[in-house]
Every structure is written in C-alpha cells, then in structure tokens.
Amino acid sequence: MGRLIVISNRVSVPSAAGAAGAQGGLAVALNSALREHGGIWFGWSGQETEEFTGHLDMQRNEGVTTATIDLEAQDVEEYYNGYANRTLWPLFHYRIDLTEYDRNFGEGYERVNERFADSVYPLIADDDLVWVHDYHLLPLGSILRRKGIKNRIGLFLHTPWPPTRLLASLPFHERLVASMLEYDVIGLQTTEWLESFLHYVQKEMGLTVNLDNSIEYQGRRVIARAFPIGIDYAEFSQAAKSEVAKEAHQRLRDSVRGRKILIGVDRLDYSKGLGERFESFSRFLSDHPDMAGKAVLLQIAPPSRGDVESYQQIREDLERKTGHINGAHANVDFVPIRYVNRGYPRAELAGFYRAANVGLVTPLRDGMNLVAKEYVAAQDPEDPGVLILSQFAGAATQLKDALLVNPHSVEHVAETISRALDMPLKERKRRHAALLASVKEMDVLHWLKQYVLALSGVEKGSSALKSD
Ligand code: ADQ
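Structure, rendered in structure tokens:
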C-alpha cells in the first residue's frame, strides 16, 4: 500500500493546534494514519498573500509532514466565505433560505480547487492513495484526473447530502456532481445521506446503481458507501480520567452548588439548533415551576465563520435570546443559561461533559455530530448522564439508546429534558452501556481502516479488482 496524501481545506497538526477544538478526534486520527502509512497532509495555511505563488510550506511535526499554501484575499472571500460557506454549507444543511448563489463564488471555488490541484500535484507519487475531505474540495479529484493522476482518489464528505430537489436549486449542480464521479470512492457519513446521493445520480443523471451501491460512470466503477465517523475513544476516555478533567469537573460542580447541569458544546453555527435549544430549556423551566433555580444550561459555543453574515446574525440572535431567557428566569443568586463563546482544551471539555447530568445535542441537521459521542465517552459508567439527541443528526442512526428528539418541537424537547432529569439510575446505566459499546466499537480508527481499505481497492467489489 502506498503513502496517504490527505487533502483538506485546513490541516491540523499536534503542535499547531490551539485550544479551540482544532485538535479533535479527526485530526488525531488522520495524524496517526499519516504516521502509520507515511505521507503528507496538504491544505490552506489559513494565511492570505498579495499574489498567489503556489509556494509550498513543508513542515514536519511529530512524524507528520504537512504542506500548506497561502491564498489571495479574493480566493478566501469567494471560495471559503463564498461558495463553501455561503452556498454549499447552508444548502447541504437543507437551508436554501440562507443559500446564496453568486457567479463569482462559483468561479472562485473552481479557481481555488485548481490552485490546490496545481500545488499538490508534484507531491503525489505513483502508488499514493489520495484522500480528499469535505465540501470545500468536491471537484478536486476531477481536476487531478485532468492533470493525468491515475492513482486511487477518494472523497469523504463530513456534511449531510441534501435531497435531490433541494440540490437541484443549485446552478450547475449537474456539473458539480459529475465532477465527483471521477473519484474511486465517495464516502458519506450515513446511509440516509448515501441514499440521497444515489437518488440524485439515478434521477438527475440517469446512471445505474448496482446492488453493491457502485455507480457505472463513463466505463468506470465508483464506489459510494457510508463510513460513519467516530471519536478517538481511547484518547478521549483517557482525557476524561486525567487530573485536568477532574479539576474541571470539580470546578463546574462547585459553581452550581447542587443544581442539575445540562451541557451543550457546539461551534456557533445555525445548523446546531442553539436557538431552539434555548427556547426548549426556557419552556422546561416555565412548565416545571418546581425546578425553578434547580437546573443550569451550560452552552459552550466558540464562534466560527464570523465573516459570513448568517453567522453574525445567529450570534446576535443567541445573545438576545440568552438575555431574554435569563431575564425571565434568573434570581439574585442564579442564572439559568451560562453562555460561553470560547474553546477549551479537550481534557477540560471531557471534565465538563462528565459533570453534566444531561448532554443536549440538538442540531437541526448534522452530518454525524461527534459531541454526542464525546459526551457518552466521558461519562462515569456507574452514574452516567443522559444523552438527548436530535433525530436529524447522523449520529442518531447509530445512537438509538439516546433520548431521540425533534429539535424543532420546543414542547417535545422540554418534556424530554424533564424525563432525562428524572430517569432512574438503572435505566441511565442500561442506556449508557449500549451507547458506550457503539461509540467504542465504531471509533475513528475503525472509520479510518474501513475507508483506507476501500480506497486501496483490496476490498471485495471495489473497482481495482475489476478485470475488465
Ligand atoms: P462540526 O460541525 O464541527 O464537524 P462536530 O462533529 O460536533 O461538528 O465536531 C465538533 C468538534 O469540535 C468536537 O470534537 C468538539 O469537541 C469540538 N468542539 C466544539 N466546541 C468546542 C469548544 N468550545 N472547545 C473545544 N472543542 C470544541 C463536521 C460535521 C459533523 C461531523 C464532523 C466530523 O458538521 O457533522 O461529525 O465534521 O466528520
């Protein structure tokens, strides 16, 4: 098996990661895969330059080689803030009301994908496996093919795949999806997103999908499959037992003085359903006067994509909502919502999860959602908290022993909070044990192995085995 060439919008290496969550399970897993297979992680440096030169900044950190390029301000505006985060992200999260179509975004997206291809091309050796990540880089595989790359190239999409009728509202959608069929493997998070993708290629492109979900396209066979991503269970459960975690746990517990804690941890993003979550908590407090002053919601939400207007808007909405709810339910010695806009080191986060009686994970739409899995991994199995999980997160297909909710229904979530807080220890333990088994088994290393196996083509049914 050749080396791995991982390509994503940004790269994340151990020494470069800050406390803001960049060093999540995915970065840890990709770093360990790169150490095992050898190879390079390529992406944008996050820096802007006057004029694009394609200069590669190569670095070696803890056994992993990274190569990064700087982009022009116009690239960042049109590709990152534009097509990726104003067009594809909202569309893929079913928010066509927030989706902006602008020809310049489309052109910037293609230009940057070309720049990525030009820059990474000389780094690719003959038998390397090329693994492209996420919605920023959907056409990259096809551009590499045009440049003559014959290697196995795979894509993994971390977001949902939208229903065909929503995707059809995107100008040039056919061209975008056709470009994806130049990959050998297309990985999605869940069977739901996979089915949506296959529906599109059948209905909009008239292609045949085989029983093994492979697609015949221009004489080639493309494998499309669900590879549900997990967390680095070993790393995270270890972090949860560390001194740092214990101190964080104690600090949070002491600060609430015997009250129940509900926790939410999300990037500040409209897809995460934070407004609806706050409303649900408020409804719970109104519906249960006996709980007045007895439960606290800790919402940790580091800001993201602050140059995009819809993110500025959600931030303002949440600030207003928090003020409003706290004004209505607070007392001289008590504030019901603690809303914190910053990141925390992972061990501290693990301590906070462990201290919380309820994990509230209620996105309106989410590719997978790793916070749900982290919450489960951080619990004390002898006295675990309860996970409340949106039915619209990819994780819900796997974590069936959570309390599944419709995050749009404020009443339903409010009732479920009450149920979670009243749940007897026996039921909490039973549910947690089932959740933990799944989080442990389907961890990020499992995901990685399955994907690399499919990409390397040694699996049964993959195109590399085809004799014709
Ligand atoms: P995200 O939308 O970022 O990821 P998620 O899967 O929840 O969502 O991962 C967020 C990560 O950031 C978690 O590891 C979490 O611990 C960390 N994080 C969040 N807030 C933090 C804070 N304040 N401090 C420190 N760390 C914090 C996208 C998709 C998801 C998919 C992942 C992985 O949107 O659906 O699960 O990629 O494929």
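Quick note: the sequence shown uses our numbering, first residue -1, plus one each step.
Yeah, the Cβ is synthetic: ideal placement off N, Cα and C, and Gly gets one too.
Here the structure is a predicted model, which is why all the values come from computation and not from measurement.
| Excluding sequence positions up to five away, which residues of its chain have a Cβ less than 7 angstroms from the Cβ of L283? | M289, A290, H327, P334
| task | Kindly list the residues whose CB is nearer than 6 angstroms to the CB of K270, restricted to its own chain and excluding five residues on each side of it in sequence; keep chain order. | result | D264, P361
| query | Near S177, what residues of its chain come up, given a Cβ to Cβ distance below 6 angstroms and the 5 sequence neighbours on each side ignored? | reply | P137, S140
| Of the choices L205, R58, G228, whose alpha-carbon is the least far from that of A435? | G228
| query | What does a CB cutoff of less than 8 angstroms around L54 pick up in its chain, not counting 5 residues either side in sequence? | reply | A65, T66, I67, S117, L121
| field | Classification of T51 by the beta-carbon crowding that lies within 10 angstroms, buried from 16 upward | value | exposed
| query | What residue ranges within the region 208 to 245 form continuous alpha helix (DSSP H) runs of no fewer than 4 residues, ordered along the chain? | reply | 231 to 238
| field | Straight-line Cα distance separating M203 from V403 | value | Each residue's Cα considered, the two are about 35 angstroms apart.
| task | Give a single yes or no on whether V130 has its beta carbon closer than 7 angstroms to a heavy atom of the ligand ADQ. | result | no
| query | Start and end of the alpha helix (DSSP H) containing Q200? | reply | That run of the alpha helix (DSSP H) goes 189 to 201.
| field | 3-residue-minimum beta strand (DSSP E) runs that sit fully inside the region 46 to 118, ordered along the chain | value | 55 to 59, 62 to 70
| So, using beta-carbon positions, are I261 and G357 closer together than 8 angstroms? | yes
| request: Go to N329, then tell me how far its beta strand (DSSP E) extends in each direction, as first and last residue. | output: Following the DSSP letters along the chain, one finds N329 in no beta strand (DSSP E), marked with neither H nor E.
| field | Reduced DSSP secondary structure (H/G/I, E/B, other) of R255 | value | In the structure shown, R255 adopts coil according to DSSP, grouped into three states.
| query | According to DSSP, is Q311 helix, strand or coil? | reply | helix
| request: Below 8 angstroms on the Cβ atoms is my guess for A353 versus I259; work out the distance and round it to an integer in Å. | output: Right, the Cβ-Cβ distance comes to about 6 angstroms (below 8 angstroms), so this counts as a contact.
| message | Quick check: I312 and S280, are their CB atoms within less than 8 angstroms of each other? | response | no
| request: Could you tell me the distance, in whole angstroms, from the CA atom of D305 to the CA atom of N79? | output: 7 angstroms
| query | Which one of W191, R318, L168 has the shortest CA to CA distance from P158? | reply | W191
| field | Strand pairing of P287, partner residues [DSSP] | value | Paired residue(s): none; P287 is not in a bridge.
| Cutoff 8 angstroms; reference D378; Cβ partners in own chain excluding five residues on either side | Around D378: R352.
| query | If you draw a straight line from the alpha carbon of E307 to that of E98, how long is it in whole angstroms? | reply | 11 angstroms
| Going by the CB atoms, is the gap between G185 and L153 shorter than 8 angstroms? | yes
| task | Please state whether DSSP places K458 in a helix, a strand or coil. | result | The predicted position of K458 is uncertain, since its pLDDT is 47 and thus under 50; a value taken from the coordinates is nonetheless stated next. In the structure shown, K458 sits in coil (DSSP, three-state: anything other than H, G, I, E or B).
| request: Pull up the DSSP beta-bridge partners for G357, would you. | output: I261, L385
| query | Tell me which same chain residues have a C-beta within less than 6 angstroms of the C-beta of L96, skipping the five on either side of it? | reply | P88, S308
| Cα separation between V26 and F276? | 32 angstroms
| Along the chain, where does the beta strand (DSSP E) that runs through L295 open and close? | 293 to 298
| Under the three-state reduction of DSSP, which class applies to Y181: helix, strand or coil? | Looking at Y181 - three-state DSSP - the assignment turns out to be coil, as it is neither helix nor strand.
| query | Which of the three DSSP states, helix, strand or coil, is assigned to D125? | reply | coil
| Does any heavy atom of the ligand ADQ sit closer than 7 angstroms to the C-beta of P405? | The answer is no for P405.
| field | Residue environment, P422, which counts as buried when at least 16 other CB atoms sit within 10 Å | value | exposed
| By how many angstroms is the C-alpha of E214 removed from the C-alpha of S461? | With a pLDDT of 46 at S461, under the threshold of 50, the predicted position of this residue should be treated as unreliable, though the coordinate-derived value follows. Distance between S461 and E214, taken at the CA atoms: about 10 angstroms.
| query | Is F154 helix, strand or coil by DSSP? | reply | DSSP places F154 in strand when its eight states are reduced to three.
| request: Assign P382 to buried or exposed, taking buried as 16 or more other Cβ atoms, counted over all protein chains shown, within 10 Å of its Cβ. | output: Within a 10 Å sphere around the beta-carbon of P382 sit 16 or more other beta-carbons, which makes this residue buried.
| query | How would you label N367, buried or exposed, when you count the other beta carbons within 10 angstroms and need 16 or more for buried? | reply | buried
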